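Reading through the structure tokens given below for one structure.
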Amino acid sequence: MHRLGNPIKHFWLVQDMARAASVDLADARRDGRLTTEDWAAMVTRCRGCQWAEGCQHWLRAQQQDDDSAEVPPACANRAVFDSLREPA
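Residue numbers for the sequence shown follow the numbering used here, so the first one is 804 and each next one is one higher.
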């Protein structure tokens, strides 16, 4: 069984992935599109994701690009980020 990762590390990975995908989690929370429980579940899914190392490499590469990125298929929270993305 895969051990869950550090909650603080994965909290920030979720934040960084949201930023790369142009998803504002705080706005989604305020607007009622994301509950506190949903946000906690995202961090928990991230903690259990076996792609976390790849995620960190992908996020570093995105720092060079100012455009909104598509969340990689390997991300455990891809569907959530896609659902929260504001239409362009």
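Just so it is clear, CB atoms sit at the ideal spot from N, CA and C, and this is done for glycine as well.
Model, not experiment: these values are computed from the prediction.
- In the assembly as shown, Arg850 is a buried residue. Its beta-carbon has 16 or more other beta-carbons within 10 Å.
- In this structure Leu837 does not touch Ala843 by the C-beta definition: roughly 10 Å separates them, more than the 8 Å allowed.
- Pro810: member of the alpha helix (DSSP H) spanning 810-823, first to last residue.
- Closest in C-alpha terms to Ala877, from the list Leu816, Phe814, Cys852, Trp815, comes Cys852.
- Taking a contact as a CB-CB distance under 8 Å, the pair Arg881 and Ser825 does not count as one, their CB atoms being some 14 Å apart.
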